[in-house]
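Encoded as structure tokens, the structure appears first; notes follow it.
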Ligand SMILES: Cc1cc2nc3c(=O)[nH]c(=O)nc-3n(C[C@H](O)[C@H](O)[C@H](O)COP(=O)(O)OP(=O)(O)OC[C@H]3O[C@@H](n4cnc5c(N)ncnc54)[C@H](O)[C@@H]3O)c2cc1C
Ligand SMILES: Cc1cc2nc3c(=O)[nH]c(=O)nc-3n(C[C@H](O)[C@H](O)[C@H](O)COP(=O)(O)OP(=O)(O)OC[C@H]3O[C@@H](n4cnc5c(N)ncnc54)[C@H](O)[C@@H]3O)c2cc1C
Ligand code: SF4
Ligand code: SF4
Ligand code: FES
């Protein structure tokens, strides 16, 4: 054994000391009037400049920060070396939809929060680099695109319920193992929240479609307009339809309302309804598209997450003169991605922080205002956040003709109701272990339906782990 | 794509259509509905099954031409296809032997009432059907109802052009007053369901109504269809469409149905101009 190390074939990387490379975005006045994408993405030069800031750490802590442990150091290394296709391959190893995650991951809490550069200055813009590589891949013709290898046909058939990130990731991984996969989607369009929830200006639908096409090329079969639990039950899929295993990734799409008086007045929407009318049904093209959406002049959006930001910015784009964001806590506590908060502010969304809505008032059946009470921050609660408490006699009314409730979603009971042996939590979510196994043999679950509303990358991670567990489970069964 | 396999015009503005959809036909039950989209830019609209055959793999629905989507739908012929059909959705009508049951069908609601009356009769109930329409022209399915084994079929028109010149609430009240009813089902325009429920409430006759709030997905995802039942918010598509008529806030439902009236009129007017078929 020789102790002489092989010489490094690549020139030694000398990190640049430049500032974090900003990503170009369209000016606020322009973009707030249409639905085209806000961010423009890096150019090749910008991507290289940003990649060169990376220290290529021996102990790359960033990798731990990514929920699916993408080898961040390696994909950035490939950008530094101008080996883009190789970089894409590294991403795809762990993440089926890099162009999506690069755009929507809360990087400031995940990978970028764990980058050593962030300790003293600004972390490497990992998300923007991931987005750039993802877009690089999508811009190639089919031949040039990174196409995951499909395994040899195993003869097993797996049904995937739901075409959101969890279902898509699970389906892709199952094909790599060689199982036949059918994805059943209840809506008339594929993609889950990526299609009906997150707006075009943040995540162009063409990107989601291109990724789904790649899965179709890999042999995933997609069937729309099937509500599992109504058209077929899970049991029927496994008996009459001959599927050997089922993955349930139906999300947590049931909108929650506040239960305050006046919530059923006309002009009051759940964020899900509002965003569905606009994104899925193309309400902004009414009457060319047949589905109308009520275009308010003064809109109050209740909530502080990504969903609330998306609803507020969508309302603005539909022509609202004033859009208020009403949130019970303070801005630091808002769960939305920092970038969205920043963009929303730039676009003229008015933040009404520490305000708790108590009633929607109306006239002749239509909303005319939102009564709110001012709050102040008290002691930290169980979640470590300082709980807001009411300020006495501080009630005031926000004049508005539209109220959009974006305070979260719950599990939809439609599927569990017809699958009696599926164990649920007290709040109706499916109980599944780390590998997605549920109480019902052969049935796996992952994504929002297990965790409650979370993130795209967590749903994809769960879908992928479930696929691996399904593969092991199938290996132990006899045909 | 879902091919149209059957079409029949029941009156000037009411049509029955059959579509090939084996998976749905296999599961459909009385009182359930489907969501359909005519084409790529189409709206999703709910329609109740009027009939189905699991063996032959088709479903049927009866619709009234009221706006752009039903207008487009009325132009489809056998051999054309619908972009999307989803179902069966909603909780099936609770069918059991309740004794003496009145099924009231008003206007196009008769289409929804038909499978309900059929199922109720099959479950051993003594069923009286009260059919209401503005005039004879708009009266639908009379022969189909006659073919069921009913105790009685009572026809009412506003102008007396067929059957009694009365509102459906008149015979309903007589049945209640005679103590001849154990249960009532009212299916039709909201205003009719409201007055039927008020009538039966006086006599404490339990009453089921089939609500038709505006819907988007029909699967519990949007909340557009919310209705107030005894002060509690329910989703029409997954908790209903059947509810206790004595607990429904009908005023709220009527108000909520009006949200898009102006938009819809605009869309239909524009469509009519383009297709130049008729007014
Ligand atoms: C407006 C909005 C903005 C968001 N922004 C971000 C963001 O910026 N970053 C981020 O990381 N996360 C974001 N999220 C959260 C993220 O989108 C979700 O956590 C993620 O999509 C969950 O994936 P999933 O596959 O579990 O479920 P979903 O994406 O909800 O997909 C479930 C799919 O299953 C279908 N389905 C449901 N029931 C059935 C049934 N019975 N039969 C057949 N099909 C069924 C649904 O129609 C849907 O297509 C956002 C969510 C929303 C609503
Ligand atoms: C569960 C359910 C079952 C239904 N079953 C049937 C059926 O079997 N046959 C049938 O003809 N109709 C039925 N409807 C009503 C049907 O869905 C509407 O007539 C249809 O959506 C109108 O679409 P449109 O585009 O043609 O008209 P639009 O342009 O949408 O509307 C035209 C007019 O109809 C009114 N309208 C719109 N939606 C509804 C609604 N949901 N209920 C009542 N009025 C409405 C509008 O306010 C407007 O005045 C049902 C509705 C529900 C919720
Ligand atoms: S998937 Fe998300 S968390 Fe992971 S590296 Fe990419 S942007 Fe960061
Ligand atoms: S921690 Fe930061 S600097 Fe180090 S390898 Fe990861 S991205 Fe590069
Ligand atoms: S129609 Fe969307 S929840 Fe009922």
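Protein chains in written order, with this note's numbering: chain A, 1 to 479; chain B, 480 to 758.
Ideal Cβ positions, reconstructed from N, Cα and C, are used throughout, including at glycine.
In this text, all values refer to a predicted model and were calculated from it rather than measured experimentally.
Check	Outcome
CA-to-CA distance, residue 267/A to residue 494/B, given in whole angstroms	33 Å
Residue 509/A in three-state terms, based on DSSP	Given a span of 1 to 479 for chain A in the structure shown, any question on residue 509/A remains unanswerable.
Endpoints, alpha helix (DSSP H) assigned at residue 473/A	456–475
For residue 328/A and residue 355/A, the rounded distance between their alpha carbons	5 Å
Partner residues on chain A for residue 547/B, Cβ-Cβ distance less than 7 Å	290
Residues near residue 67/A in its chain [Cβ-Cβ closer than 7 Å; skip 5 each side]	110, 457, 458, 461
Inter-stretch contact at 8 Å, needing at least 3 Cβ pairs: the segment 141–150 of chain A / the segment 57–73 of chain A	no
Start and end residues, alpha helix (DSSP H) containing residue 358/A	Here residue 358/A belongs to no alpha helix (DSSP H); instead the beta strand (DSSP E) covers 355–363.
Contact set, ligand 5 heavy atom to C-beta under 7 Å	273/A, 694/B, 695/B, 696/B, 697/B, 698/B, 699/B, 700/B, 701/B, 702/B, 703/B, 704/B, 714/B, 715/B, 716/B, 717/B
Whole-Å CB distance - residue 150/A paired with residue 178/A, under 8 Å assumed	7 Å
Minimum Cβ-Cβ distance from residue 698/B to chain A less than 7 Å	yes
As assigned by DSSP and simplified to three states, the class of residue 316/A	helix
Those residues which DSSP pairs with residue 39/A across a bridge	25/A
Cross-strand partners of residue 201/A (DSSP beta bridge)	For residue 201/A, which the question treats as bridged, DSSP gives no partner whatsoever.
Rounded C-alpha distance that separates residue 758/B from residue 554/B	Since pLDDT at residue 758/B reaches only 44, below the 50 mark, its modelled position is unreliable, and the value read off the structure follows with that caveat. Computed Cα separation, rounded: 13 Å.
Cβ-Cβ distance between residue 499/A and residue 438/A below 7 Å	The structure shown has nothing for residue 499/A, since chain A only spans 1 to 479.
Stretch-stretch touch, CB-based, cutoff 8 Å, three pairs: the segment 697–716 of chain B with the segment 252–268 of chain A	yes
Residue 629/B (DSSP reduced to helix, strand or coil)	coil
Heavy atom of ligand 4 within 6 Å of residue 73/A beta-carbon	yes
Inter-residue Cα distance where the pair is residue 43/A and residue 754/B	48 Å
Three-state secondary structure assigned by DSSP to residue 648/B	helix
Reduced DSSP secondary structure (H/G/I, E/B, other) of residue 132/A	helix
Alpha carbon of residue 153/A to alpha carbon of residue 126/A, nearest angstrom	36 Å
Selected residue, minimal CA-CA separation from residue 512/B, among 679/B, 690/B, 489/B, 672/B	690/B
Nearest neighbour of residue 680/B, chosen from 663/B, 694/B, 696/B [CA to CA]	663/B
At least three beta-carbon pairs within less than 8 Å, the segment 568–584 of chain B to the segment 646–665 of chain B	yes
Within 7 Å, strictly: CB atoms of residue 449/A and residue 430/A	yes
Residue 678/B classed as buried or exposed, judged by whether at least 16 other C-beta atoms fall within 10 angstroms	buried
Near-chain A residues of the segment 564–582 of chain B - C-beta to any C-beta below 8 Å	564, 565, 566, 567, 568
Strand pairing of residue 56/A, partner residues [DSSP]	Its beta-bridge partners do not exist; DSSP assigns none.
Identified DSSP bridge partners for residue 404/A	269/A, 301/A
Residue 2/A - DSSP class collapsed to helix/strand/coil	Confidence is the limiting factor: at residue 2/A the pLDDT is only 46, short of 50, which leaves the residue's position unreliable, though a coordinate-based value still follows. The answer is coil: DSSP assigns residue 2/A none of H, G, I, E or B.
Alpha-carbon spacing of residue 114/A relative to residue 368/A, whole angstroms	46 Å
Check: residue 587/B C-beta below 6 Å from any heavy atom of ligand 2	yes
Under the three-state DSSP convention, the category residue 573/B falls into	coil
Exposed unless 16 or more other CB atoms sit within 10 angstroms - verdict on residue 425/A	exposed
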